[in-house]
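Step one of this worksheet: look at the structure below.
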Amino acid sequence: MKKIISYAFMALCLLYTNKNIAQESTEATVDLDEVVISIPFGETEDASVIHVEKVTIDSNNPLMFQQISKSIEKLAGVSFMTTGPGIAKPVIRGLSGNRVVVYNMGVRMENQQWGDEHSMGLNGSGISSVEVIKGPMSVLYGSDAIGGVIYAVPENFLQGDGTKVDLSTAYNSNYQGTTTNVGVKGGSNELKYIVRGSMTDNGNFNTPDGEVENSFLEETDIKLALGYTAKSYQSNFRMSMTETKVGIPHGEEHHDEDHDDHEDGDDDEDGDDDDHDDHDEEHEEGVYLETEHTMFSWENVFTFSDSELNVTVGHSNNILREYGGHDEHDEDHDDHEDGDDDEDGDDDDHDDHDDHDEHEGAHMDVGLKTTSLDLKYTLPKLENLESVVGASFLSQENKNHGEEMLIPDAEKMDIGIFGMWNYQLDNMNIMIGSRFDNREIKVGGDEHEYFSFTNSLGLKTSMGSNSTVRLNLSSGYRAPNLAELFSDGAHHGSNQYEIGNSSLVEEQNTQFDVSYSHTNGSNLSVGVDVFYNDISDYIYLNPTGAVIDDLPVYHFDQTDSTIFGGSVHLSYDTNIDWLSFDTSLEYMNGETADGDYLPMIAPLTLNQDFTIDINDNIFELDLLYKSKQDNVSEFESSTDSYFTVNLSGSHKIDISDNSLNIFWSVDNLLDAEYMDHLSRLKNIGIHEMGRNISVGLNYNF
3 MKKIISYAFM
13 ALCLLYTNKN
23 IAQESTEATV
33 DLDEVVISIP
43 FGETEDASVI
53 HVEKVTIDSN
63 NPLMFQQISK
73 SIEKLAGVSF
83 MTTGPGIAKP
93 VIRGLSGNRV
103 VVYNMGVRME
113 NQQWGDEHSM
123 GLNGSGISSV
133 EVIKGPMSVL
143 YGSDAIGGVI
153 YAVPENFLQG
163 DGTKVDLSTA
173 YNSNYQGTTT
183 NVGVKGGSNE
193 LKYIVRGSMT
203 DNGNFNTPDG
213 EVENSFLEET
223 DIKLALGYTA
233 KSYQSNFRMS
243 MTETKVGIPH
253 GEEHHDEDHD
263 DHEDGDDDED
273 GDDDDHDDHD
283 EEHEEGVYLE
293 TEHTMFSWEN
303 VFTFSDSELN
313 VTVGHSNNIL
323 REYGGHDEHD
333 EDHDDHEDGD
343 DDEDGDDDDH
353 DDHDDHDEHE
363 GAHMDVGLKT
373 TSLDLKYTLP
383 KLENLESVVG
393 ASFLSQENKN
403 HGEEMLIPDA
413 EKMDIGIFGM
423 WNYQLDNMNI
433 MIGSRFDNRE
443 IKVGGDEHEY
453 FSFTNSLGLK
463 TSMGSNSTVR
473 LNLSSGYRAP
483 NLAELFSDGA
493 HHGSNQYEIG
503 NSSLVEEQNT
513 QFDVSYSHTN
523 GSNLSVGVDV
533 FYNDISDYIY
543 LNPTGAVIDD
553 LPVYHFDQTD
563 STIFGGSVHL
573 SYDTNIDWLS
583 FDTSLEYMNG
593 ETADGDYLPM
603 IAPLTLNQDF
613 TIDINDNIFE
623 LDLLYKSKQD
633 NVSEFESSTD
643 SYFTVNLSGS
653 HKIDISDNSL
663 NIFWSVDNLL
673 DAEYMDHLSR
683 LKNIGIHEMG
693 RNISVGLNYN
703 F
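Plus 2 on top of the position in the sequence shown (first one is 1) and you've got the working numbering.
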């Protein structure tokens with residue numbers, strides 16, 4: 003697989019050097035950025051009853067797509083749980099992991115996202131924008147969408163005839179990393195195509211007090227797309243192949259010596275001989291993950307005289323392998339005989355892994371196949387009433403191939419049916435949605451079944467000509483995942499031994515959301531969001547105090563919880579033509595029914611951006627402040643406040659009929675030494691990345 007992707011990328015580079023295809027399109031690109039794709043009815047961001055925030059990922063800026071999380075986390079209420087710069091998982095209003103649904107190429111991404119040390123898996127190459135829905139949206143997306151939805155919109159096909167080529171590259175000084183992206187677009191009025199490849203090679207990152215070993219990232223991504231448009235039919239076929247290799251850092255002794263306030267780090271140092279005898283071997287081997295993710299989607303839109311049918315078929319194959327961090331005592335786990343059986347029976351049970359022999363060193367080797375079908379029918383409009391009904395089906399198979407098994411082989415089936423109605427009045431829109439879901443999980447001879455009804459009610463009204471109020475009350479549900487139900491083994495990526503709980507029930511939540519926005523002409527925008535999220539049977543990892551294989555034991559448990567908070571946002575174009583700024587302030591609090599704090603809740607955050615635009619020369623100054631977070635759960639370390647400064651610029655140069663864009667940035671300009679509260683490395687005394695100077699360019703022709 004890796005060789006195929008490498009050869010494909012080389013072919014893209016050859017296409018780039020071929021001058022015969024470098025024809026500039028004669029038609030201007032149609033800007034559809036404001037249209038919301040993640041919810042029905044084809045409304046714009048401003049007109050939607052559901053508050054959807056959209057971030058444009060400028061494919062011309064190599065500094066944007068190399069870390070898509072950096073663009074999304076500027077939205078209030080959105081942050082990322084990280085394990086160094088190579089692993090980032092989205093957190094929406096305090097909920098993460100399987101509580102946030104990620105869509106890419108029109109289908110749901112299933113990439114074993116239950117693991118804390120698994121990244122989101124969303125490569126920024128070939129993505130035009132990202133839409134974010136904060137809060138439960140199970141009525142449209144089924145189980146797991148109780149925290150929110152991240153919907154990646156793929157890049158558009160070229161408008162008109164011709165061919166367009168773009169080349170982007172970026173270099174980062176901190177970890178001596180490079181990212182290169184090549185894309186080719188073309189076709190006729192009816193048939194379009196896109197071919198795009200991206201390669202990233204990042205070394206270990208550096209904090210202000212030194213290099214963090216085993217924190218590298220290597221990634222190769224290939225995307226292909228074919229589009230066909232006729233009078234009453236439109237078809238889009240997209241495919242992506244992504245290979246990633248990422249190191250899992252471990253703490254060094256000198257990190258802990260300087261941080262007496264981080265007790266978990268001190269415990270690691272003081273108790274190293276007793277509790278972490280295997281760490282020395284982990285440092286020598288280096289714990290790292292390899293993932294292969296192949297995904298296909300085929301969207302078909304049938305347009306009738308006054309209605310529309312959308313049929314989307316998706317399939318993905320995700321392979322996760324973990325290497326290193328295992329010592330001889332792993333061989334004594336007689337309860338994991340399936341790994342040996344898989345090896346002996348490879349020819350019979352795993353014909354789809356012809357290269358399995360090349361990965362015999364992987365202690366954990368898990369394959370996840372997912373096939374989905376989504377149907378959506380837009381009914382004829384009746385005066386002021388718009389209606390959409392639909393159904394979704396998902397079939398999934400989880401298989402173990404390695405010598406060690408953390409979660410069992412399993413099969414999963416999802417079925418969902420929904421309807422949504424939008425009623426428009428003179429100055430008011432009312433949206434109602436309802437959905438039924440059923441999930442069935444088969445493990446061995448056991449079957450576990452979960453079902454739920456979810457509903458949503460939203461209202462958007464105008465207060466004068468420039469003010470808008472949105473009220474949304476929505477419910478969501480999440481069935482427990484395989485790890486929460488059945489895990490029983492050492493999770494070396496997170497240094498803990500996890501034990502599942504097969505008696506877990508569905509999580510259910512209800513969120514009340516109020517948002518107010520005001521605009522004054524084209525130069526001022528003010529927004530306020532307030533939410534209250536009530537979660538029943540919240541699933542969490544509970545430390546037991548026991549130790550197995552020198553790792554602390556955690557058991558999955560449930561309790562009722564609440565999360566509430568809000569944000570304020572201000573955008574202003576000053577009287578100075580070239581100066582504008584954005585300000586956002588957000589706060590959240592999460593507690594269990596017993597009054598204990600929930601883990602991994604972001605602290606009070608203030609973000610201030612200044613933008614200077616002088617004749618296509620754009621400079622940005624980004625100031626970020628996060629307060630101290632000492633409202634922490636049991637066994638979670640608190641973090642101090644910190645302040646960072648980021649500086650960036652972009653410059654456009656016209657060369658004949660082509661354009662050259664030069665970009666640069668300096669992240670953590672002051673080389674501040676800090677730990678982010680959502681970093682999984684804080685407990686082992688590793689700081690966030692120090693100063694990083696990035697330079698990049700993009701050439702379109």
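Using N, Cα and C, we set each Cβ at its ideal position, and we do this for glycine too.
Between the options, which has its C-alpha nearest residue i's C-alpha?
i    : options                : result
F645 : I250, N670, V186, V634 : N670
G79  : S98, T305, A49, D223   : S98
N474 : Q115, S643, G137       : G137
D624 : S582, F612, Q631, K194 : F612
V570 : D579, V155, E588, I419 : E588
H653 : V697, L381, T641, G460 : V697
V197 : P156, V151, D673       : P156
I409 : L384, I443, D428, I657 : I443
S658 : E622, R682, Y701, F637 : Y701
H403 : D367, M243, V391, W423 : D367
S200 : E75, G185, F207, N206  : G185
Q476 : Y599, H365, Y534       : Checking the displayed sequence, the identity of residue 476 turns out to be Ser instead of Gln. Residue Y534 is the option with its Cα nearest to S476.
Y195 : D203, T165, Q178, E451 : T165
G466 : T58, F420, Y518        : Y518
D203 : L226, Q178, G212, K56  : Q178
S436 : L427, E449, G421       : G421
E597 : N633, S73, L683        : Contrary to the premise, residue 597 reads as Gly rather than Glu in this sequence. With distances taken between Cα atoms, G597 lies closest to N633.
What first and last residue would you give for the beta strand (DSSP E) that runs through residue i?
i    : result
H304 : According to the sequence displayed, residue 304 carries Phe and not His. From DSSP, the beta strand (DSSP E) with F304 extends over 290 to 305.
F566 : 553 to 575
K72  : Not the beta strand (DSSP E): K72 falls in the alpha helix (DSSP H), residues 70 to 74.
L226 : 219 to 231
S650 : 644 to 657
Y235 : 235 to 249
Y143 : It is not in any beta strand (DSSP E) - Y143 instead sits in the alpha helix (DSSP H) that spans 140 to 143.
P156 : 150 to 156
P607 : Residue identity differs from the one stated: residue 607 is Thr in this sequence, not Pro. 607 to 616 is the span of the beta strand (DSSP E), which, as asked, contains T607.
K194 : 193 to 204
H520 : 509 to 522
R2   : Residue numbering for the chain in the displayed model covers 3 to 703; residue 2 lies beyond these limits and cannot be assessed.
I541 : 526 to 550
Excluding the five sequence neighbours on either side, which residues of its own chain have a C-beta within less than 8 Å of the C-beta of residue i, listed in chain order?
i    : result
S643 : P605, Y627, K628, S629, K630
V54  : V38, S40, I41, E47, E133, V134, I135
S538 : E509, Q510, N511, D562
Taking residue i and residue j to be in contact with their CB atoms under 8 Å, please state how far apart those CB atoms are, rounded to whole angstroms.
i    : j    : result
Y499 : Y556 : 7 Å
V1   : L572 : Any answer about residue 1 is impossible in this case: the structure gives the chain only from 3 up to 703.
L487 : N468 : Contact doesn't hold; Cβ gap of about 51 Å is too wide.
Q234 : F304 : Looking at the sequence itself, residue 234 is Ser, so the reference to Gln does not match. Rounded, the Cβ-Cβ distance is 7 Å, consistent with contact.
I148 : G478 : 3 Å
Might you give, ordered along the chain, the residues of its own chain that have their beta carbon closer than 6 Å to the beta carbon of residue i, omitting 5 neighbours on each side?
i    : result
K247 : E220, E292
Y63  : Tyr is not the amino acid found at residue 63; the sequence shown has Asn there. Within the same chain, N63 has close Cβ partners F665.
Y105 : Y153
N440 : I417, F453
E254 : Low per-residue confidence applies at E254: pLDDT is 49, beneath 50, and the placement is therefore not dependable enough to give any value.
R693 : N670, D673
W300 : F239, V315
I432 : Y425, L461
I695 : S175, V668
V109 : S299, G316, S374
A227 : I196, R240
Keeping to the same chain, check which residues put their C-beta closer than 7 Å to that of residue i; ignore five residues upstream and five downstream.
i    : result
S50  : V38, I41
T231 : E192
I616 : W580
N429 : T463, S464
D146 : N100, R101, V103, R480
Check for me: the alpha helix (DSSP H) holding residue i runs from which residue to which?
i    : result
K371 : Segment 366 to 380 is the beta strand (DSSP E) holding K371; no alpha helix (DSSP H) there.
S394 : Element bounds for S394: not the alpha helix (DSSP H) but the beta strand (DSSP E), 387 to 402.
F488 : 484 to 488
Nearer than 6 Å: is that true of the beta carbon of residue i relative to any heavy atom of the ligand MG?
i    : result
G363 : The model depicted lacks the ligand MG and carries no ligand whatsoever.
>> For the segment 189 to 200 against the segment 212 to 220, do three or more pairs of beta-carbon atoms, one drawn from each stretch, fall closer than 8 Å, so that the two count as touching?
In response: Not touching, per the Cβ criterion.
> Between the segment 370 to 380 and the segment 308 to 322, do three or more beta carbon pairs fall short of 8 Å?
Replying inline: Counting Cβ pairs under 8 Å, three or more are found: they touch.
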